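In my numbering, the protein residues as written are 330 to 921. Note that CB positions come from ideal geometry on N, CA and C, so glycine has one too. Just so it is clear, the structure is predicted and the values come from calculations on it, not from any experiment.
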């Protein structure tokens with residue numbers, strides 16, 4: 330079965346009857362190596378072809394579908410058509426010319442890439458694959474088409490008629506009608522990197538760069554094309570484009586692109602709703618990072634990003650709810666603050682349904698009663714809630730529960746992402762082997778919370794370095810020298826991080842010794858939010874690193890003694906989170 334993006338079930342509501350019929354035929358009659366896109370914009374042109382078909386051994390084909398009957402076509406010439414509708418005669422663009430414009434726009438985007446241009450041979454200077462366009466008439470038979478004068482305007486070989494797309498049509502005959510539209514056949518199939526380059530050019534929103542939300546970036550015509558192309562994989566793209574209204578849950582391992590999909594969803598929702606959109610995280614550092622990136626792309630006026638406790642504080646203040654008494658310890662204060670919000674929402678002092686959409690990142694860190702509160706904040710008009718979850722990163726151990734029990738109605742609308750794209754295979758294997766005992770996969774009911782084992786996407790790099798030095802001071806001295814060496818070799822300071830468990834035991838020593846070694850750093854703490862633009866090594870706690878990533882991660886004294894941290898399994902889980910922040914290189918120090 331071919332891959333349709335967005336998924337057919339989510340696209341049906343937007344389809345005309347003829348488009349639905351064609352979509353069913355394409356899925357049923359084409360093999361799994363065919364890629365199909367429905368109503369997806371090409372580049373930044375604003376053009377939305379009805380269908381884009383791609384096959385690595387055939388080429389690219391754009392189809393426009395028209396539910397016209399022969400008797401409703403009053404006039405048809407090379408450029409325009411006059412169609413009789415219930416509201417009278419309507420003039421529109423010739424669908425063949427419309428498809429040609431879309432296909433030429435797509436070709437122009439790809440022809441800027443030397444990697445996609447033929448060098449030598451019959452088609453020297455053209456794309457390395459053929460491209461073409463055509464029209465589909467689900468309500469006009471081939472006989473009627475041939476007996477009319479439509480063939481003088483629409484090339485018959487570029488038209489698919491009603492009787493050529495019936496359910497009983499042979500798959501081979503159906504495919505032949507499609508590919509007869511193409512001018513030539515490639516000698517060999519395109520490779521996966523070449524396919525990714527094609528998607529990179531056609532669909533800028535699926536691009537993945539150094540920043541998780543690079544998908545918002547507008548393409549720069551003067552920009553030098555990167556040698557290494559990174560795009561969402563097909564499952565990620567299909568999921569991102571298929572997220573409709575209602576409650577949705579995405580279970581994903583660390584590095585599977587959950588936050589990237591959240592960013593795509595924010596961009597889509599900002600265009601679709603006038604109500605404010607709320608993004609909630611547990612981690613303040615992650616919330617600050619997301620907020621800054623969304624603001625850079627003009628979404629801050631509509632998309633509000635907060636860590637959960639800050640949002641609770643703002644709710645109490647905005648609706649004049651009495652806060653908890655002074656003098657409480659921080660944990661008690663935060664707990665009572667949440668209870669004040671819950672109680673105020675229950676009695677109607679804090680209104681429910683405030684937001685057009687609510688998106689929760691790192692939802693595994695949220696208490697069940699928090700999720701119940703959040704579900705009430707979604708406007709019933711949109712009912713749009715997205716929860717991103719990975720129980721393997723649940724470092725606060727909130728226990729098992731069903732989403733239905735907290736008001737999240739996601740039955741039949743859950744997705745699992747198992748592939749890890751963030752880490753190299755070497756880093757992922759190292760981290761997983763360390764925490765294997767607490768990452769044993771567990772099955773769950775559809776409405777429950779599964780524990781997922783990560784699978785590598787196959788990206789490779791150097792093996793993690795394990796430092797065996799007798800003291801913490803020696804380990805940090807080694808790390809300082811290693812960071813300086815990597816910087817001399819071309820790695821920016823901002824691409825490196827030092828992660829620590831406790832300030833008194835490790836963090837304070839790291840700050841002191843990196844300063845003495847002349848390594849520029851930023852300690853990310855309560856009064857020092859993460860600044861990704863500053864060219865400095867980031868010193869961050871394990872907890873605050875959740876949701877972040879760096880090409881180089883160093884972890885001094887990674888294995889605390891049982892006297893310091895008696896819950897060994899929870900420490901393993903937390904250290905797994907820290908290790909998987911590294912995308913390319915990991916340096917870990919054993920406990921002295």
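Hey, residue i and residue j are a contact pair by Cβ (cut 8 Å); roughly how many whole angstroms apart?
i, j, result
"residue 426", "residue 407", "7 Å"
"residue 829", "residue 783", "Going by Cβ atoms, the distance from residue 829 to residue 783 rounds to 24 Å, so no, they are not a contact pair."
"residue 848", "residue 904", "Their Cβ separation, rounded to whole angstroms, is 23 Å, which puts residue 848 and residue 904 out of contact at 8 Å."
"residue 853", "residue 869", "5 Å"
"residue 931", "residue 692", "The requested residue 931 is not part of the displayed model; the chain covers only 330 to 921."
"residue 493", "residue 506", "5 Å"
"residue 577", "residue 739", "6 Å"
"residue 595", "residue 606", "6 Å"
"residue 365", "residue 414", "Not quite, the Cβ-Cβ distance comes to about 29 Å (not below 8 Å), so this is no contact."
"residue 491", "residue 469", "6 Å"
Report buried or exposed for residue i, applying the criterion of at least 16 other Cβ atoms within 10 angstroms of its Cβ.
i, result
"residue 339", "buried"
"residue 461", "buried"
"residue 670", "buried"
"residue 640", "buried"
"residue 779", "Low confidence applies here, because residue 779 scores a pLDDT of 49, under 50, leaving its location unreliable and the question unanswered by this model."
"residue 617", "buried"
"residue 347", "buried"
"residue 472", "exposed"
"residue 544", "With a pLDDT of only 41 at residue 544, under 50, the local geometry of the prediction cannot be trusted, and no value is derived from it."
"residue 592", "buried"
"residue 404", "exposed"
"residue 636", "buried"
"residue 428", "buried"
"residue 804", "buried"
"residue 699", "buried"
"residue 387", "buried"
"residue 600", "exposed"
"residue 345", "exposed"
"residue 352", "buried"
"residue 526", "buried"
"residue 572", "buried"
Considering Cα atoms alone, identify which of the options is closest to residue i.
i, options, result
"residue 862", "567, 851, 521 and 749", "851"
"residue 391", "520, 359, 435 and 415", "435"
"residue 382", "805, 403, 356 and 395", "356"
"residue 654", "666, 763 and 643", "666"
"residue 511", "432, 566, 579 and 534", "432"
"residue 672", "648, 525, 517 and 486", "648"
"residue 535", "567, 518 and 516", "567"
"residue 763", "909, 562 and 585", "909"
"residue 361", "401, 405, 563 and 522", "563"
"residue 638", "703, 604 and 588", "703"
"residue 603", "686, 513 and 898", "686"
"residue 855", "614, 747 and 706", "614"
"residue 808", "337, 606, 919 and 454", "919"
"residue 422", "459, 415, 464 and 389", "464"
"residue 878", "444, 644 and 619", "619"
"residue 806", "819, 455, 627 and 845", "845"
"residue 743", "587, 864, 759 and 695", "587"
"residue 785", "634, 760 and 795", "760"
"residue 710", "684, 735, 719 and 448", "684"
"residue 402", "801, 424 and 389", "424"
"residue 513", "458, 491 and 751", "458"
"residue 574", "907, 858, 712 and 652", "712"
"residue 733", "697, 569 and 717", "697"
"residue 821", "864, 796 and 524", "864"
"residue 629", "467, 757 and 598", "598"
"residue 745", "716, 754 and 765", "716"
Which residues bound the alpha helix (DSSP H) around residue i?
i, result
"residue 817", "801-817"
"residue 564", "563-571"
"residue 901", "897-908"
"residue 703", "697-704"
"residue 794", "Segment 794-796 is the beta strand (DSSP E) holding residue 794; no alpha helix (DSSP H) there."
"residue 529", "521-531"
"residue 346", "346-358"
Provide the residue span of the beta strand (DSSP E) that contains residue i, from first to last.
i, result
"residue 916", "911-918"
"residue 870", "866-870"
"residue 733", "It is not in any beta strand (DSSP E) - residue 733 carries neither H nor E in the DSSP assignment."
"residue 404", "402-405"
"residue 503", "First-last for residue 503: 500-508, but that is the alpha helix (DSSP H), not the beta strand (DSSP E)."
"residue 999", "It is not possible to answer for residue 999, since the shown part of the chain is limited to 330 through 921."
"residue 388", "388-394"
"residue 826", "825-829"
Minimum length 4: unbroken alpha helix (DSSP H) runs contained in the segment 623-675: 637-647 and 659-675
Continuous alpha helix (DSSP H) assignments of at least 4 residues falling wholly in the segment 417-490: Segments of the alpha helix (DSSP H) lying fully in the segment 417-490: 424-439 and 471-476.
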